[in-house]
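A short worksheet on the structure shown next.
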Amino acid sequence: MRRPVRIAVTGAAGAISYSLLFKIAAGEMMGKDQPVILQLIELPHAMDSLRGVAMELMDCAYPLLHTITLHDNVEDGFKNAHYALLVGAKPRGPGMERSDLLEENAQIFARQGKALNDYANRDVKVLVTGNPANTNALIASRNAPDLSPSQFTCLTRLDHNRAKGILANHCGATTRDIGGIMIWGNHSPTQYPDLHQATILGKPAMSQIDTTWYRDEFIPKVQKRGGEIIQARGLSSAASAAQAIVDQMRDWVLGTEPGEIISMGILSDGSYGIAKGIFYSFPVRCNYGRYQIVHDIELNEFSRQRLTTTEQELLDEKAVVDHLLPK
Ligand code: NAX
1 MRRPVRIAVT
11 GAAGAISYSL
21 LFKIAAGEMM
31 GKDQPVILQL
41 IELPHAMDSL
51 RGVAMELMDC
61 AYPLLHTITL
71 HDNVEDGFKN
81 AHYALLVGAK
91 PRGPGMERSD
101 LLEENAQIFA
111 RQGKALNDYA
121 NRDVKVLVTG
131 NPANTNALIA
141 SRNAPDLSPS
151 QFTCLTRLDH
161 NRAKGILANH
171 CGATTRDIGG
181 IMIWGNHSPT
191 QYPDLHQATI
201 LGKPAMSQID
211 TTWYRDEFIP
221 KVQKRGGEII
231 QARGLSSAAS
241 AAQAIVDQMR
251 DWVLGTEPGE
261 IISMGILSDG
271 SYGIAKGIFY
281 SFPVRCNYGR
291 YQIVHDIELN
301 EFSRQRLTTT
311 EQELLDEKAV
321 VDHLLPK
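Take the sequence shown: its position 274, counting from 1, is numbered 274 in UniProt numbering, and each next residue is one higher.
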């Protein structure tokens, strides 16, 4: 058996974690031969609830679950972590402006970035889910000067999976038959779900679907799927978000399938003309624990405009929190 790896999770008593932790403990994220230590982190007032979650995890008797530790602060919770899943965030309250939300979360993620810098394993891989995920990832990475920004990512795999599922359902295909889906930009309604490289059973998707359906129905459906789920369930997506976290981390750590493209929020290096210094979702492939942007994708005018719109939103978000970024 291999040595266990340490996985820190914030917001561990929340709705997403209630699916996520059980998947991790069952070996779905790190592989069926990799024992895990779960370092669960919550706000002090949620520690009782967290103890309940830990009891249930124990009661599942997962063979790969080595140890569970509980923490009410990130400085203890991130100690020696190989992986950090930053799920907890401050939700938007009544009367709160988007700028207040950005600023309040900036403070939370600044502290988490510093704690990762000071206490986590030097090779820690970080995935930010808590919203606004892209800008929170930017704040965390900028507050961790001793870690590489490439160790930080944000979750856009849920958007990717949503696009795949909705397209499969529309075409009467299975998701196995579909490849080449790309999500560009922000995890927000400005994101751009791009089907121009997508294939269904190996043939171009755009030649098998109606362009009007793609532009007027598919794109807004993916962009607003989170809201549609809240309206239907009265609660936000939780199980699908947990699955997306597992998928994104598993692919990052264990690699994508040959030829497979996934979407990941990462620090822009200027590829495709996107401004450097923002966390932006790009098409990537993963190998040996690293991700690489897929280059040389042709973008038509329609796509280019959408890439720019979501880029501008991220630049605006960055401007709101700029005074909190270490210079
Ligand atoms: P819940 O409100 O059910 O749970 C969040 C938990 O985080 C709570 O238990 C809270 O006590 C804890 N928490 C808050 N601040 C914390 C901190 N500083 N340190 C440790 N714990 C903290 O929310 P849930 O449905 O689990 O969603 C979690 C986050 O994911 C939200 O910000 C949500 O907006 C975001 N999402 C992001 C998605 C993405 O694709 N990037 C999709 C799903 C989800 O909406």
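Yeah, the Cβ is synthetic: ideal placement off N, Cα and C, and Gly gets one too.
Quick check: A61 and L155, are their CB atoms within less than 8 Å of each other?
For A61 and L155, no; Cβs fall outside 8 Å.
Could you give the C-beta distance for L307 and L299, rounded to a whole number, given that I count them as a contact under 8 Å?
By a beta-carbon distance limit of 8 Å, L307 contacts L299. Their separation comes to about 7 Å.
Tell me whether the beta-carbon of V36 lies closer than 8 Å to the beta-carbon of I7.
yes
Name the one or two DSSP bridge partners that F152 has.
The beta-bridge partner set that DSSP reports for F152 consists of V126.
Put A144 into one of helix, strand or coil per three-state DSSP.
coil
Do you know how far the Cα of L40 is from the Cα of A89?
15 Å
Can P326 and N143 be called in contact, C-beta distance under 8 Å?
Yes, Cβ-Cβ distance for P326 and N143 is below 8 Å.
Could you check where the beta strand (DSSP E) with I293 kicks off and where it finishes?
That run of the beta strand (DSSP E) goes 290–293.
Express the C-alpha separation of M182 and A168 in angstroms, rounding to a whole number.
Cα to Cα, the separation comes out at about 15 Å.
Would you say the beta carbon of K94 comes nearer than 7 Å to a heavy atom of the ligand NAX?
Before going on, a small fix: residue 94 reads as Pro here, not Lys. Not under cutoff, so the answer is no.
Does P91 come out as helix, strand or coil in the three-state DSSP assignment?
coil
Could you check which residue in F78, E97, D72 has the C-alpha nearest to that of Y119?
F78
Pairs of beta-carbons, one from the stretch 274–287 and one from the stretch 241–255, closer than 8 Å: are there three or more?
yes
May I ask you to list the residues that DSSP assigns as paired with H170?
Beta-bridge pairing links H170 to no other residue.
Under 7 Å from any heavy atom of the ligand NAX, does the C-beta of N161 make it?
no
Cβ-heavy atom distance between residue 354 and the ligand NAX below 7 Å?
It is not possible to answer for residue 354, since the shown part of the chain is limited to 1 through 327.
Measuring from the CB of E42, is there a heavy atom of the ligand NAX at a distance below 7 Å?
yes
Suppose you measure from the CA of H170 to the CA of A205; what does that come to, to the nearest Å?
11 Å
Thinking C-beta only, is G179 closer than 8 Å to E301?
Against a cut-off of 8 Å, the Cβ pair of G179 and E301 comes out as no contact.
Tell me, please, whether the stretch 64–82 touches the stretch 108–124 by the rule of three or more beta-carbon pairs shorter than 8 Å.
Yes: the two stretches touch, three or more of their Cβ pairs being nearer than 8 Å.
With L85 as the anchor, note down where its beta strand (DSSP E) starts and where it stops.
83–86
Can you name, in chain order, every residue of its own chain whose Cβ lies under 7 Å from the Cβ of L21, other than the five neighbours on each side?
V9, A12, L38, V53, L57
Member of I209, A84, M30 whose CA lies at the smallest distance from the CA of G130:
A84
If M249 and L138 are in contact, beta carbons under 8 Å, what's the gap, nearest whole angstrom?
Not confirmed; about 19 Å, so no contact.
Which runs of the beta strand (DSSP E) spanning at least 3 residues fall entirely within the stretch 43–73, listed in chain order?
65–71
According to DSSP, is R2 part of a helix, a strand, or is it coil?
coil
Could you tell me whether any non-hydrogen atom of the ligand FMN is closer than 7 Å to the CB of K79?
Of the ligands one can find in the structure shown, namely the ligand NAX, none is the ligand FMN.
Kindly give me the distance between the Cβ atoms of F282 and I293, rounded to whole angstroms, as I take these residues to be in contact under 8 Å.
Contact between F282 and I293 holds: CB atoms are separated by about 5 Å, below the 8 Å threshold.
Same chain, Cβ closer than 8 Å to V87, neighbours up to 5 away in sequence not counted
V9, T10, G11, A12, G14, I16, S17, L20, T129, G130, I245
Proximity to P189 [Cα-Cα], best of A242, P132, A239:
Out of A242, P132, A239, P132 has the C-alpha closest to the C-alpha of P189.
So, at 8 Å on beta carbons, what are the nonlocal neighbours of S49 in its own chain, with the 5 sequence-adjacent residues on each side left out?
A13, E42
Answer yes or no: the CB of V320 versus the heavy atoms of the ligand NAX, is any distance below 7 Å?
no
Cα-Cα separation, G1 to H66:
Looking at the sequence shown, residue 1 is not Gly but Met. Those two C-alpha atoms are separated by around 11 Å.
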